[in-house]
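Colleague: Take this structure, written in structure tokens, and hold onto it; I'll ask about it next.
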Amino acid sequence: MGSENKKYAVLKNNGSVGTAEIPVLSYNEFSSEVVTLLQKKENHCVTYFAFPEVNGLKFIAGIAEDTNHNIFVLSHFLPETKPQKLESLTPKINALHIFEREIHETHGVDFPGHPWLKPVRFAHNRANKSMKVNDYPFYTIESDELHEVGVGPVHAGIIEPGHFRFICNGENVLHLEIQLGWQHRGVEQTMLEKQTLLQRNIVAESVAGDTTIGHSLAFAGVMESLAGIEIKTQLDVERAVALELERIAVHTADISSLCTDVAYNLGANIFGILRTLIINFTQSWCGNRLGKSMIRVGGTNFPFTNENRIRLFKTLSEYEKQFVELAHLTYRLPSVENRFDDIGTVSEQQALQIGTVGMAARMANVLRDIRATHPSPAYEKYNYTPVVLPKGDVFSRFLLRRKEIKQSIAWLREVMDNEEFLFPSDTPKAELKLKPLSLAISLVEGWRGEICHTALTGNEGKLAYYKIKDPSMHNWKALELSLRNLEISDFPINNKSYNLSYCGFDL
Amino acid sequence: MVLNPVVIFLVSLVFPGVVARTKAKIVGRKGAPVVQPFFDNIRLFQKGNVYSQTTSWIFQIAPVIYFSTIFMAMLFIPLGKQPALLSFEGDFVVFAYLLAFGKFMMIAAAMDTGSGFEGMGANREAFYSLLVEPAFFIVIASMALLTNHTSFYNLFNNLHLESELSYLIAVLSVYIFLWIAMIENSRLPVDDPKTHLELTMVHEVMVLDYSGFDLALIQLANGIKFAIYGALIFNFVLPMQDYFVAQLVIFFVVQLLFAISVGALESFKARNKMAKNPQWILSLSALAILGFLSVLIITGKIILMD
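Chains as they are written, first to last, in this note's numbering: chain A, 1 to 507; chain B, 508 to 813.
Below you can see the structure in the form of structure tokens.
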């Protein structure tokens, strides 16, 4: 492509580019280019946001091309003087609905043509401050035969706050609406306010407590890229090992919770015990069971030693032996199969339409796996083959976890067999000098799916904007669709089968 | 005679504890002492009640009625050669509708709270009770037909005198009663007493608004209900013993086995899909009809032709 008609900058995962090199398009060009790109099946939008610049708003869209490991970055500038009104892209590309709602909420930009610009999370820095969380505009159907059931935001179990509103005809759900934002903490804002690298790193670890490794990896990727630090492949492998351990641990816990929700006592308890084996290993490695303080920018305080390797081998064998035995029992138990099978189905077409990522996509026959499509050096060295299931129901999500655990263990074994952890990795950087006026994007396949962190620097290399996209952002919609025409009593297992993040969404 | 309710009541105090302990043991946990539910109830009895402002006197009176109906139903249960405290021809109908009346009050109270959840639970509970009723009556009617008696005491005392084949009927009846007991006590596979998910609850969601004294009454009544079904099962299986002590020992053993099998059933099986519950419950009635037909054949009411 010649530079004269170049419409976007091309990056690799964990790459950075000077903001001056991203062509600023007119909205017409921008929208037609975005639509053209996203109509291709191998492309999907990883991030789309706006941030204030002098005299106006700058729009940035990141579109990942799965076949060639590329990420296209497009931009557009909307001056203050112009009416804050842009034609919506959602009617053409449905998956963009949540991004446009977010831009509308934060910056007050109107998107004519968008079906319903509902608030996303009632951010503190939202444009319309007069609107409170209690004013949320719910979808309603007027009928004498229907009733509404509201659940939350305070729940009976140990889950995060979220409000679910069902429109039901007897036991059947016609429509489910999920209202989030109760846990909004202003993470992106905090990221800018905190000045030291360590503080920011800790903020990144806390984006979603169950995805500590995933989010801190994305943070490290962005920072290292902006500072121009090349990390050794060995360090990236160590990080990937941590990422896979997190995946195994959370998947095991989810299988246990799914058993709890269908009152299968044996599975609920034993899978719960098995998770402990994995997180205890993580603790012995870095001192925290959830992997906090494991990932640091530019190096690590907890190098993976040969002793660790031997212990990991032992832990994995012990874990696998019990896991296989119990999974064999659980996944073939007629009452369990009967409970999970054929409910909460999301079709492949729906999954593509709403832009699901990660597990929620792979269970519905859509291959979205950053480890395969935009691999970091570790996954380039040791290839990972994603698991994709065709059906899209609760059982698929239940089964996907088992298969992914198997796959992750196999991957870890391959790494343990071939990687030599000879040189202890560098110690982390205390401070970084970031490249001025640059943009960096990092994609990480956390256990839930694709995590996208984007950072922009200003004139003197100071962090100017930080954007986080958790996989839950799109996937909550899949849960809503799952519930259509389902019994209301099937909601909890559907919710658990996705196990989406509330705080990752609320930020 | 007076002893029957006493032993049933004693069993009811530890019954939920034994079930919970069994479930804990099976998955390798230590589990709480079997008397823990009893202690919990004592603690609750010492507490006051909290009433929601939307509720009326129905909500407040329901637990007492629920407890008293179940307590009264307990008086109809004979133990082997020991006749029941209250016994007359046709007493099983009174027994069944006493339980139904208690349940009706709980359903009314749940509706009284005006909560979306409780209405849902009440709706389910009413539906399942409706479906399980035929199974109970058909089983008892088969017994009545076989023995020509219609009170619990006479029915059980004459059950095994008439024909050897009655054991077959007894086994079938025990199977059906085991599941009726599970349904009536809101256990697996129809309901899950341990769940924290309001949307899947049946019985638990109906008592969500109860606290303190009222809650203790309800839990105590649930325990008694279990023990009542255990006692009925005991009466089905065992021929009358002349020795009172032997009879008592067997009674406790049967109750213990019953509690352990409830715990085991709940450990190795997942819950039904809510939509499949009605079908599953009706299958019990189908089984009961099978028993009824067998009785008709045994008693010569139906003669099979070659």
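Glycine is no exception: its CB is placed at the ideal position from the N, C-alpha and C atoms.
Using 8 Å as the threshold, is the segment 488-500 of chain A in touch with the segment 690-707 of chain B, meaning 3 or more CB pairs across them?
Modeller: Cβ pair count under 8 Å is three or more, so yes.
Colleague: Which ranges would you report for the alpha helix (DSSP H) in the segment 692-757 of chain B if only whole runs of at least 4 residues count?
Modeller: Those alpha helix (DSSP H) runs which fall completely within the segment 692-757 of chain B and span 4+ residues are 710-713 and 719-744.
Colleague: Tell me whether the beta-carbon of Phe555(B) lies closer than 7 Å to the beta-carbon of Val541(B).
Modeller: The sequence as given places Gly at residue 555(B); Phe does not occur at that position. Cβ atoms of Gly555(B) and Val541(B): not closer than 7 Å.
Colleague: Can you tell me the Cα-Cα spacing of Thr211(A) and Gly446(A), whole angstroms?
Modeller: Roughly 7 Å separates the two Cα atoms.
Colleague: Kindly indicate which residue of Asp254(A), Glu33(A) and Lys462(A) has the alpha-carbon position closest to the one of Thr196(A).
Modeller: Checking every option, the nearest Cα to that of Thr196(A) belongs to Lys462(A).
Colleague: Run down chain A in chain order and give the residues with a C-beta less than 7 Å from the C-beta of His703(B).
Modeller: Correct list: Ala156 and Gly157.
Colleague: Since Phe583(B) and Ser594(B) should fall inside the 8 Å C-beta cutoff, what is the C-beta to C-beta distance between them, to a whole number of angstroms?
Modeller: About 7 Å; that satisfies the 8 Å criterion.
Colleague: Measuring only the C-alpha atoms, how far is Lys58(A) from Ala9(A)?
Modeller: Distance between the alpha carbons of Lys58(A) and Ala9(A) is about 15 Å.
Colleague: Along chain A, in chain order, which residues have C-beta atoms closer than 9 Å to that of Val781(B)?
Modeller: Per the sequence shown, the amino acid found at residue 781(B) is Met instead of Val. By Cβ distance, chain A contributes Glu171, Glu487, Ile488, Ser489 and Asp490.
Colleague: Let's see if you can read the secondary structure: which residues bound the alpha helix (DSSP H) around Ile202(A)?
Modeller: Its alpha helix (DSSP H) spans residues Leu197 to Glu205.
Colleague: Please check if any C-beta of chain B sits within less than 7 Å of the C-beta of Ser482(A).
Modeller: Judged by the 7 Å Cβ criterion, Ser482(A) is not in contact with chain B.
Colleague: Where Asn280(A) and Asn383(A) are concerned, what is the direct C-alpha to C-alpha distance, given to the nearest angstrom?
Modeller: So the alpha carbons of these two residues sit roughly 27 Å apart.
Colleague: With a cut-off of 7 Å, does the C-beta of Ser3(A) fall near any C-beta of chain B?
Modeller: Its pLDDT being 47, under 50, Ser3(A) is placed unreliably by the model, and nothing is read from it.
Colleague: Could you confirm whether any beta carbon from chain B is found closer than 7 Å to the beta carbon of Leu146(A)?
Modeller: Chain B contact via Cβ: absent.
Colleague: Please confirm whether Ser284(A) and Gly272(A) have their CB atoms less than 7 Å apart.
Modeller: Contact flag unset, no.
Colleague: By the 10 Å Cβ neighbour count, where 16 or more other Cβ atoms means buried, how is Ile514(A) classified, buried or exposed?
Modeller: Outside the displayed range of chain A (1 to 507) lies residue 514(A), so it cannot be described from this structure.
Colleague: Which residues of the segment 527-538 of chain B have a Cβ closer than 9 Å to any Cβ of chain A? Give them in chain order.
Modeller: Cβ contacts with chain A: Lys530, Ala531, Ile533, Val534, Gly535 and Arg536.
Colleague: Is the Cβ of Ala629(B) closer than 7 Å to any Cβ of chain A?
Modeller: Judged by the 7 Å Cβ criterion, Ala629(B) is not in contact with chain A.
Colleague: Are the beta-carbon atoms of Glu87(A) and Gly62(A) separated by less than 7 Å?
Modeller: For Glu87(A) and Gly62(A), no; Cβs fall outside 7 Å.
Colleague: Grouping DSSP H, G and I as helix and E and B as strand, with all else coil, what is His175(A)?
Modeller: Strand, per DSSP.
Colleague: According to DSSP, which residues form a beta bridge with Gln589(B)?
Modeller: Beta-bridge pairing links Gln589(B) to Leu586(B).
Colleague: For Gly504(A), which of helix, strand or coil comes out of DSSP?
Modeller: In the structure shown, Gly504(A) sits in a helix (DSSP, three-state: H, G or I).
Colleague: What is the C-beta distance between Leu800(B) and Leu679(B), in whole angstroms, given that I count them as a contact (C-beta under 8 Å)?
Modeller: About 11 Å separates the two Cβ atoms, so there is no contact after all.
Colleague: How is His184(A) classed by DSSP in three states: helix, strand or coil?
Modeller: Correct three-state label for His184(A): coil.
Colleague: Here's a check: name, in chain order, each residue in its chain whose Cβ is nearer than 7 Å to the Cβ of Ile488(A), leaving out the five neighbours to either side.
Modeller: The residues are Val149, Phe166, Cys168, Glu171 and Val173.
Colleague: Would you list, in sequence order, the uninterrupted alpha helix (DSSP H) runs of no fewer than 4 residues that lie entirely inside the segment 23-77 of chain A?
Modeller: List check, alpha helix (DSSP H) in window: 27-38.
Colleague: Based on DSSP bridge pairs, tell me the residues matched to Ser508(A).
Modeller: Only positions 1 to 507 of chain A appear in the structure, and residue 508(A) is not among them; the question remains open.
Colleague: Between which two residues does the alpha helix (DSSP H) holding Ala629(B) run?
Modeller: Gly623 to Thr654 is the span of the alpha helix (DSSP H), which, as asked, contains Ala629(B).
Colleague: Identify which residue in Ser563(B), Phe552(B) and Ala580(B) has its Cα closest to the Cα of Leu739(B).
Modeller: Cα-wise, what sits closest to Leu739(B) is Ala580(B).
Colleague: Beta-carbon of Pro264(A) versus every beta-carbon of chain B: anything under 7 Å?
Modeller: Per the sequence shown, residue 264(A) should be read as Tyr rather than Pro. Chain B contact via Cβ: present.
Colleague: When the Cα atoms are used, what is the spatial distance from Thr657(B) to Asp598(B)?
Modeller: In a straight line, the C-alpha of Thr657(B) is about 7 Å away from that of Asp598(B).
Colleague: Can you list the residues of chain B that Arg339(A) reaches, using a CB-CB cut of under 7 Å?
Modeller: Under the 7 Å cutoff, chain B gives Ala777, Arg778 and Lys780.
Colleague: Output needed for Leu367(A): all residues of its chain with C-beta closer than 7 Å, excluding positions within five of it in sequence on either side, in chain order.
Modeller: Only Pro386 and Val388 meet the Cβ criterion.
Colleague: Looking at the unbroken beta strand (DSSP E) that takes in Val387(A), where does it start and where does it end?
Modeller: It is not in any beta strand (DSSP E) - Val387(A) carries neither H nor E in the DSSP assignment.
Colleague: I want to see whether chain A comes within less than 7 Å of Ser774(B), judged by CB atoms only; does it?
Modeller: With 7 Å as the cut-off, Ser774(B) counts as an interface residue toward chain A.
Colleague: I need the DSSP call for Gly508(A), collapsed to helix, strand or coil.
Modeller: A query on residue 508(A) cannot be resolved here, the shown segment of chain A reaching from 1 to 507 and no further.
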